[in-house]
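Counted from 1, the sequence shown has number 22 at position 22 by full-length UniProt numbering; the numbering is strictly sequential.
The beta-carbon is built from N, C-alpha and C at its ideal position, and this holds for glycine as well.
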Amino acid sequence: MSKTYVQQRHGIDPNKAVAMRVRGDGMVDALRPGQIVLTMQWDRGRELEDGAIYGLKGPHGFSIRRLRFGRQEERPIIWVWADNDEYGDQRRSLTPEEFDQEYQVLAIALGTEQRL
């Protein structure tokens, strides 16, 4: 992927773009194993987007997961979500404080690229 393509297609600084290859099937409803995901390095302090897919460093290493926001017993929660229903046991709800202690957001997914 050229820097010009990344700039024109996604409107981001190409130096912050990172291509990642999907391994595993935890996000199979959105991403397939072997697929290339174009991501942007995460800027700390930026607000997380509900429903977006992120590259996370967590208790079990690196993973690509969707983050969803909700409320539980009047408290805000963040769901760390594997789209594949077979990984339902890996879906976690955390308070924002717990999330910040357990996870580091490394990147946000912008889209997938596929060679034909």
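Next on the checklist: Let's see if you can read the secondary structure: which residues bound the alpha helix (DSSP H) around Q101?
Outcome noted: P96 to E102
Checklist entry - Start and end of the beta strand (DSSP E) containing A19? => result A17 to R21
Checklist entry - The beta strand (DSSP E) spanning Y54 covers which residue range? => result Per DSSP, Y54 belongs to the beta strand (DSSP E) from I53 to G58.
Checklist entry - Taking I108 as the reference, which of R66, G70 and A82 has the closest Cα? => result R66
Checklist entry - Taking the alpha-carbon positions, what's the G111 to L38 distance? => result In a straight line, the C-alpha of G111 is about 5 Å away from that of L38.
Checklist entry - Are I77 and G70 close, meaning C-beta to C-beta below 9 Å? => result yes
Next on the checklist: Distance check for M40 and A30, CA to CA, integer angstroms please.
Outcome noted: 18 Å
Checklist entry - Hey, how far is the Cα of I53 from the Cα of I64? => result 7 Å
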